[in-house]
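Comments concern the structure below.
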Amino acid sequence: MSETTTSKSEQNRQGSDDRPALVKHVLTLRTDRSDRAALRRGQRLETNYFALPLLGAYLSGRESTDQACYRFAALCASFPAVADLAGQRFGQVMRRNDPDQGASDGAVAKRLFVMQRQPLRIADSTFRSLLQIVDPVGVDWADLYWLYMFWDHPNRAKRIGRRQQVLEQFYRPIAVSKTDEPDQPSDGTAITNQPNKTDLETSKNG
Numbered sequence: 448m449s450e451t452t453t454s455k456s457e458q459n460r461q462g463s464d465d466r467p468a469l470v471k472h473v474l475t476l477r478t479d480r481s482d483r484a485a486l487r488r489g490q491r492l493e494t495n496y497f498a499l500p501l502l503g504a505y506l507s508g509r510e511s512t513d514q515a516c517y518r519f520a521a522l523c524a525s526f527p528a529v530a531d532l533a534g535q536r537f538g539q540v541m542r543r544n545d546p547d548q549g550a551s552d553g554a555v556a557k558r559l560f561v562m563q564r565q566p567l568r569i570a571d572s573t574f575r576s577l578l579q580i581v582d583p584v585g586v587d588w589a590d591l592y593w594l595y596m597f598w599d600h601p602n603r604a605k606r607i608g609r610r611q612q613v614l615e616q617f618y619r620p621i622a623v624s625k626t627d628e629p630d631q632p633s634d635g636t637a638i639t640n641q642p643n644k645t646d647l648e649t650s651k652n653g
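Read left to right, the sequence shown gives residues 448 to 653 (my numbering).
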């Protein structure tokens, strides 16, 4: 697949693009070979500095949130041929392209179950293996961004709820409305998509 191909779903985003600024930024960066390499190398804490010049303006300064951003950017840059398709949630894409057709003992289903108890630093590798197994044409990268941002949320209910959404999408595919936006990640604090602002506030009550 050509990295420069623009799908109808991608074109439809124009004029009503509500994706987080970081997502749009990374999708643009990954079209450049050197930027793509830098984002991939910035995946781990000890090598974040490779991607810092590219992502610095979009980081909050909070380690847990920033690491989610680095890992998401590295994932997106590692799969440049996977297009950004609005509304194509990760769990639905896994089911639609599952070589075992949703079988509970299949490689995809097993990984989706195992990752429910994995912290993001480990689940990140599982996300990668799943994308390699199903080799999808596209996915909603904003959906993956929110999965990464909520995966290690300090609020247990929000963390578990977000993780289980992937399984729900896999076993009960549903049509997604454009108004189906993620819950606010903290105590009523609005999400902002602007650089130098955090996309995820830490829950005061844990």
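Ideal Cβ positions, reconstructed from N, Cα and C, are used throughout, including at glycine. Remember, it's a predicted structure, so these values are computed and weren't measured experimentally.
Taken through DSSP and simplified to helix, strand or coil, Val-561 comes out as helix. Within the same chain, and ignoring the five residues on either side of Gly-538 in sequence, the residues whose Cβ sits closer than 6 Å to its Cβ are Val-613, Gln-616, Phe-617.
DSSP places Gly-489 in the coil class of the three-state scheme, outside both helix and strand.
If you draw a 10 Å sphere on the C-beta of Asp-547, you find fewer than 16 other C-beta atoms in it, and that means exposed.
Within its own chain, the residues whose Cβ lies closer than 6 Å to the Cβ of Val-473, once the five positions on either side in sequence are excluded, are Ala-520, Cys-523, listed in chain order.
Secondary structure at Ala-530: strand, using DSSP grouped into helix, strand and coil. For His-472, the enclosing alpha helix (DSSP H) covers residues 468-476. With a cutoff of 8 Å on beta-carbon distance, Trp-588 and Ala-570 are scored as not near each other. Approximately 6 Å separates the beta-carbon atoms of Val-529 and Pro-583; this is inside 8 Å, confirming the contact. Contact check for Tyr-592 against Val-470 passes: the beta carbons are separated by less than 8 Å.
According to DSSP, residue pairing for Val-586 in a beta bridge involves Asp-531.
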